[in-house]
Amino acid sequence: MPQVMVVARNFMDMVAALPAAKLDMLYDSAFICEAVLRSLPPLAKKYALQMLYVSAPVAAAAMEEWVLDEYAAKHRVAIDRLLQLRVFVEVRDRRKEVSYKMNQKFQGNMQKYLVDGGSLPREPIPSSVTARLPTLAELESFALEQWECFLLQLINSSQVERGTSFSSSMMRTFQRGLLSSRDGEAPRLTENGFQFLLMETNAQLWYIMREYISSAEERGVDPTELISFLLELSFHTLGEAYSLNTLTDVQRNAIRDLAELGLVKLQQGRKDSWFIPTKLATNLSASLSDSSSNKEGFVVVETNFRMYAYSTSRLHCEILRLFSRVEYQLPNLIVGSITKESLYGAFENGITAEQIISFLQQNAHPRVADKIPAVPENVTDQIRLWETDRNRVDMTLSHLYEDFPSKDMFDQCCDYARDHGCLLWEDAKKMRLIVRVEFHSEMREFLRRLR
Amino acid sequence: MVAFCSPKSRNMVNAIKGLFISCDVPMAQFIVNLNASMPASDKFILHMLDPTHMFVQPHVAEMIRGKISEFRDQNSYEKPT
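Chains Z and U, in that order, are what the protein sequence lines are. Position one of the first sequence corresponds to residue 0 (numbering that gives the first Met the number 0), numbered consecutively onward. Position one of the second sequence corresponds to residue 0 (numbering that gives the first Met the number 0), numbered consecutively onward.
Now the structure itself:
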């Protein structure tokens, strides 16, 4: 199975990675055009708006004059982004000079948008049909519970405990990179799985979404349709009900999967079924502009390595248990301590000191979040020291060469290995040298030539 | 051992595969002591290069890490749950 990199990445990078034909297909939808426009860096936004009513190509050289010389780098970044997302298309004339032209579909949709105004992807169901909908607070509570349940399933899977069962497509998404499952063994968290748990919620959400979309083709689903729907979803109104009847089969299946994550809530009426977007779903658009939602922290770390987490969440307790010793678990307070032994457990699972420190800082309780530093320096320093203590011995597979017939030959070999960055050790007196193991064949060849 | 030429040739250079270890002095002493405590057939240090570097058998990486880990655990106390 290919190694999955746990990197928090912008959803638009995924859109940009689509082949040109599929990207153009995406731009059939005005909502996606709007979402893409929102996601652009400021200068790229300006260029897109500037080109909105220009149908002829504009020479690249002419565009460079739109900015002062000192902003050439930002200009380059903006243009690259517009080309990656195919908002701009490169055109070469007879003299092979580069010009940029706006994507016709994108341009057409955005022009229409400006003239006619925006509309919702679909109309909400009238309240006479839905009767009582959950309040925003209830919806937020549902989303959080569902999301935590999903993450607890990840932890429970590695602890061979019973948990809520999830659909196979969601578990498969997890298994791709976060859980390893060998035949006959219970699934266990991989290094990536442990790192994933310490990531910020939006980053986790994007990771899951990216895996969900990447694995779509395995399920016989077109990724473009999924991406299209997810972008559309971020334009739905929080807390409003939308009928399932308006969805395609692919979209309906996606909605059921998203409900398990807490992005939407499903409800059944007498005749109709509907879904209600939660904050997690509408946050998809917040993530599009790279601003993460500001969640309140819950952790206080003291200089004596004691830790107090003001949380009712079982998930928080399990996450803290990854790197600390949890001593008391009270209804709304988790008391623990950061110990060398608990940290070594974390290090062995592939969690790094920086990830732990970052987690503690990002989740600092409001009472300490504004302090400098939010986590006492003696604690963060000690966490780093304990990590380096684990790496006191450096081992490199290598070859040792000895019994050189002459000093001259020895020196030439040293220089050769050093020039290639493979020299680990040399002893001029005893005429011994040590090189990296991968350099052995080249060294042998070099010696043969010297003879 | 890999010999590039016949023993008769004056250009013979020996190449030995192994692990090059870099560490601090106390850890080096720990490894030397570990080597000394092994029976002759299990000794693994091929060359002691200097107080912080050594060249050892290629297969002993996990064993050494395990012993270091064990040593560290012996110097730790974990309060019972």
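Ideal Cβ placement from N, Cα and C applies to all residues, glycine included.
For chain Z, the residues of the segment 27 to 54 of chain U that bring a beta carbon within less than 8 Å of one of its beta carbons are ILE30, LEU45, HIS46, LEU48, HIS52, PHE54, in chain order. Assigned with DSSP and collapsed to three states, ALA16(Z) falls in coil, not helix or strand. Closer than 8 Å to the CB of VAL12(U) there is at least one CB belonging to chain Z.
In this structure, the beta-carbon distance from CYS421(Z) to PHE438(Z) falls below 8 Å.
In the structure shown, the three-state DSSP call for GLU89(Z) is strand.
Between VAL378(Z) and GLU441(Z), the alpha-carbon positions lie close to 47 Å from each other. Per the coordinates, the alpha-carbon of TYR241(Z) lies some 27 Å from the alpha-carbon of LEU22(Z). Residues of chain Z with a Cβ closer than 8 Å to the Cβ of GLY65(U) do not exist; the shortest Cβ-Cβ separation is about 12 Å. Think of a sphere of 7 Å around the beta carbon of ARG391(Z): the chain U residues whose beta carbon falls inside it are CYS22, ASP23, MET26, in chain order. Under a 10 Å Cβ-count criterion, THR189(Z) is classified as buried, with 16 or more other Cβ atoms of the shown protein chains found around its own Cβ. Proximity of PHE70(U) to chain Z, defined by a Cβ-Cβ separation below 8 Å, is not satisfied. Considering only ILE124(Z), GLU326(Z), GLY335(Z), GLY192(Z), the residue with the shortest C-alpha distance to SER272(Z) is ILE124(Z). Ranked by how close their Cα comes to the Cα of GLY238(Z), the residues ARG251(Z), GLN266(Z), ASN244(Z) have GLN266(Z) in first place. An exposed status is given to ASN390(Z), since fewer than 16 other beta-carbon atoms sit within 10 Å of its beta-carbon. Residue nearest to ALA215(Z) within the set LEU399(Z), MET101(Z), GLN250(Z) is GLN250(Z) (criterion: CA-CA distance). Annotated as proximal: LEU225(Z) and ALA253(Z), with beta-carbon spacing under 8 Å. Below the 7 Å Cβ cutoff, chain Z contributes LEU396 as neighbours of PRO57(U), in chain order. For PHE403(Z) and LEU18(U), the gap between their C-alpha atoms comes out near 21 Å. Residues VAL300, LEU359, GLN360 of the same chain have their beta carbon placed closer than 6 Å to that of VAL374(Z), with the five preceding and five following residues left out of the count.
The Cβ atoms of GLN28(U) and LEU45(U) do not sit closer than 8 Å to each other.
About 17 Å separates the beta carbon of ILE333(Z) from that of ALA345(Z), a gap too long to meet the 8 Å contact definition. Chain-order list of chain U residues neighbouring LEU423(Z): PHE19, by C-beta distance under 8 Å. Relative to the Cα of MET13(Z), the nearest Cα in the group THR245(Z), GLU210(Z), ASP393(Z) belongs to GLU210(Z).
By the C-beta density criterion, ARG91(Z) is exposed, having fewer than 16 other C-beta atoms within 10 angstroms.
Just so you know, the alpha carbons of LYS100(Z) and PHE87(Z) end up roughly 5 Å apart.
Setting aside the 5 residues that flank it on each side, ILE154(Z) is surrounded in the same chain by GLU317, each with a C-beta closer than 6 Å to its C-beta; the list follows chain order.
In summary, ALA280(Z) is buried, with 16 or more beta-carbon neighbours lying within 10 Å of its beta-carbon over all protein chains present.
For the pair GLU137(Z) and TRP385(Z), the Cα-to-Cα distance works out to about 43 Å. Burial check for THR277(Z): the Cβ neighbour count within 10 Å reaches 16 or more, so the residue is buried.
For GLU326(Z), the uninterrupted beta strand (DSSP E) segment begins and ends at 324 to 329.
Per DSSP, the beta-bridge partners of GLN267(Z) are SER272(Z). With fewer than 16 neighbouring CB atoms inside 10 Å of its own CB, VAL114(Z) falls in the exposed class.
Counted as a single uninterrupted DSSP element, the alpha helix (DSSP H) harbouring MET62(U) occupies residues 60 to 73. Here TRP146(Z) has LEU260, GLY261, LEU279 as same chain residues with Cβ atoms under 7 Å from its own Cβ, once five neighbours each way along the sequence are excluded. Here TRP424(Z) is bridged, per DSSP, to ILE433(Z).
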